[in-house]
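Each residue of the sequence shown is one higher than the one before, counting from 0 in this note's numbering.
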Amino acid sequence: MSFRLLNTESQLMPLTAIIPACAVLGLLCACWIKRGVSFYWGIVPIDPLHDFDWRAEKRKRLRPFKPTYNITMGIQADDLSELITIDQDYLDRVTARRSIVANYNNTVHGCLPGGEAAVKELYSYLLGYHLPTRFPSMFKTTGKGNFHNKVTGATFPPSPPDDPEICLRTLAETVDEDIFLLKETDTTHVCLAFLCCFPTGFDPSTKLGQDLKRIHDPVPSYEKIGPSMERFFRKLQVGKSVKRMNASIIMWVVQTHGDLINISGNHIKDGDEFVADEAVDCSKACNAHLRIELQTLTRLPQTRFVLFSFKTYLYPLKDVKEEGSGPALADAIEGLRSGNAPGMFKYKSAVRWGKSVAEYLRS
Numbered sequence: 000m001s002f003r004l005l006n007t008e009s010q011l012m013p014l015t016a017i018i019p020a021c022a023v024l025g026l027l028c029a030c031w032i033k034r035g036v037s038f039y040w041g042i043v044p045i046d047p048l049h050d051f052d053w054r055a056e057k058r059k060r061l062r063p064f065k066p067t068y069n070i071t072m073g074i075q076a077d078d079l080s081e082l083i084t085i086d087q088d089y090l091d092r093v094t095a096r097r098s099i100v101a102n103y104n105n106t107v108h109g110c111l112p113g114g115e116a117a118v119k120e121l122y123s124y125l126l127g128y129h130l131p132t133r134f135p136s137m138f139k140t141t142g143k144g145n146f147h148n149k150v151t152g153a154t155f156p157p158s159p160p161d162d163p164e165i166c167l168r169t170l171a172e173t174v175d176e177d178i179f180l181l182k183e184t185d186t187t188h189v190c191l192a193f194l195c196c197f198p199t200g201f202d203p204s205t206k207l208g209q210d211l212k213r214i215h216d217p218v219p220s221y222e223k224i225g226p227s228m229e230r231f232f233r234k235l236q237v238g239k240s241v242k243r244m245n246a247s248i249i250m251w252v253v254q255t256h257g258d259l260i261n262i263s264g265n266h267i268k269d270g271d272e273f274v275a276d277e278a279v280d281c282s283k284a285c286n287a288h289l290r291i292e293l294q295t296l297t298r299l300p301q302t303r304f305v306l307f308s309f310k311t312y313l314y315p316l317k318d319v320k321e322e323g324s325g326p327a328l329a330d331a332i333e334g335l336r337s338g339n340a341p342g343m344f345k346y347k348s349a350v351r352w353g354k355s356v357a358e359y360l361r362s
């Protein structure tokens, strides 16, 4: 018996003629994958950095502040290749994150029922595809198919463990980005999973199960961008990545210490007690820093969860002053009183350190 298939011209084509064509198609698919095409992430190419040396990669020098603070969306299109950022701080950061997860446990990571699939999807994408493709000098897939981190020496299975908490802990010691996964509902987006080792003045576990409005409850004037944020989240397409890149969206604050993890202290909420115009010795690198979050948004293709991630940067104020950006930052600190969100001056704790920090930056 001979099986035959119809071609587009309704002629009979032997099955034996189809086999070579399938082989060619398979070869093309393999080539596409080698070039960095992710089939399960919307056929989005990832550009490999073959000669990337993380030790020599300087951290980004972000200076997003402006003399008048306005709370806006500030969305800028980005390349999915830039989803994960790695620089000279990589090993110190992931080492610190491993320790933070061990010490803080459920304060810095968690997953509610309904969020498991999104956590596993992100795990599979990052370890099974994105990291080995983007940074082949740092990550590889072993002969047994495992994910191997050449920097830390850690090895993990490419398929996600059944327990989403294990997935999150693995991601914590693999990438430097903090992560919130949000599910779209009829009216809003709700956080069903998170990994946040470097919170800036909040307990990240309190955001689990909350919608966008509740997540941003303490933020002054959030209602001015809340509806736009919801609409943007709904329209965010698979394979598209955006960064929040202006002065009001790369979230910045001055902190009077050098700690990356800060469950409380960087913000003043309604009812909090504080001492105004504290004296801060900004000349000591350990005392005062400019803290900036570089935020990214994208949509997972399978679960369609929105991935909100951010990388935290700390810059000693001494360095900011020496590079010549001191007066501009001083103007921005005082500018928190003006603009469309004047409550930011208190919320960012500038009522405590603003005077002494501005004087130092201008001296």
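Where is the CB? At the ideal position from N, CA and C, for every residue including glycine.
Which of helix, strand or coil DSSP assigns to residue i
i, result
"E183", "strand"
"F363", "In the structure displayed, the chain extends from 0 to 362; residue 363 sits before or after that span and is not available."
"S227", "helix"
"V305", "strand"
"I249", "In this prediction, I249 scores a pLDDT of 44, lower than 50, which makes its location untrustworthy; no coordinate-derived value is stated."
"Y312", "strand"
"R233", "helix"
"L289", "strand"
"A192", "strand"
"R361", "helix"
"D52", "coil"
"P63", "coil"
"E8", "Any reading at E8 needs caution, since the residue's pLDDT is 41, under 50, leaving its predicted position unreliable; the model's value is listed next. Coil at E8, not helix or strand."
"A29", "Per-residue confidence for A29 stands at a pLDDT of 43, beneath the threshold of 50, marking its modelled position as unreliable; no derived number is given."
"K345", "helix"
"A20", "Here A20 scores only 49 on pLDDT, less than 50, and its place in the model should not be relied on; the value that follows carries that caveat. Looking at A20 - three-state DSSP - the assignment turns out to be helix."
"R3", "Any reading at R3 is ruled out, since the residue's pLDDT is 34, under 50, leaving its predicted position unreliable."
"R34", "The pLDDT assigned to R34 is 39, lower than 50, so where the model puts this residue is not dependable; a value taken from the coordinates is nonetheless given after this. If DSSP states are grouped into helix, strand and coil, R34 belongs with coil."
Supposed close pair residue i, residue j - CB separation, criterion 8 angstroms
i, j, result
"I74", "V237", "Not really, about 17 angstroms apart at Cβ, beyond 8 angstroms."
"P203", "V107", "6 angstroms"
"F146", "T140", "6 angstroms"
"R361", "G323", "12 angstroms between Cβ atoms; not a contact."
"E378", "R233", "This structure gives no information on residue 378, because the portion of the chain shown stretches from 0 to 362."
"K347", "V252", "5 angstroms"
"T93", "T169", "The question names Thr, but residue 93 in the sequence shown is Val. The pair is not a contact, with the Cβ atoms about 11 angstroms apart (cut-off 8 angstroms)."
"K206", "I214", "5 angstroms"
"C166", "Y103", "With a Cβ gap of about 17 angstroms, C166 and Y103 do not count as contacting."
"A327", "F51", "Contact flag wrong, Cβ pair sits at about 32 angstroms."
"R97", "A171", "7 angstroms"
"V305", "L235", "6 angstroms"
"A95", "L313", "12 angstroms between Cβ atoms; not a contact."
"D210", "H188", "6 angstroms"
"T302", "E56", "Going by Cβ atoms, the distance from T302 to E56 rounds to 32 angstroms, so no, they are not a contact pair."
Per DSSP, the bridge partner or partners of residue i
i, result
"N261", "T199"
"L296", "V241 and F307"
"D177", "F309"
"P219", "None, per the DSSP bridge assignment."
"D46", "Bridge partners of D46: none, in fact."
"Q209", "None; Q209 has no bridge partner."
Practice prompt. Only counting runs of 3 or more residues, tell me where the beta strand (DSSP E) segments fall wholly within the segment 70–127, in order along the chain.
Written response: 74–77 and 108–110
Discussion item. Quick check on the DSSP output: what are the complete beta strand (DSSP E) runs of length 3 or more inside the segment 138–175, in order along the chain?
Written reply: 138–140 and 146–148
Worksheet item: Contact between the segment 293–300 and the segment 338–353: three or more CB pairs below 8 angstroms?
Response: no
Item to complete: Please determine if the segment 149–169 and the segment 120–135 are in contact, where contact requires at least 3 C-beta pairs separated by less than 8 angstroms.
Response: yes
Worksheet item: Counting Cβ pairs closer than 8 angstroms, one from the segment 193–202 and one from the segment 172–184, do we hit at least three?
Response: yes
Worksheet item: Is it true that the segment 161–175 meets the segment 83–100, where meeting means three or more beta-carbon pairs spaced less than 8 angstroms apart?
Response: yes
Worksheet item: How about the segment 317–333 and the segment 344–357: do they share at least three Cβ pairs that are nearer than 8 angstroms?
Response: yes
Worksheet item: Does the pairing of the segment 286–293 with the segment 220–234 give three or more beta-carbon distances under 8 angstroms?
Response: no
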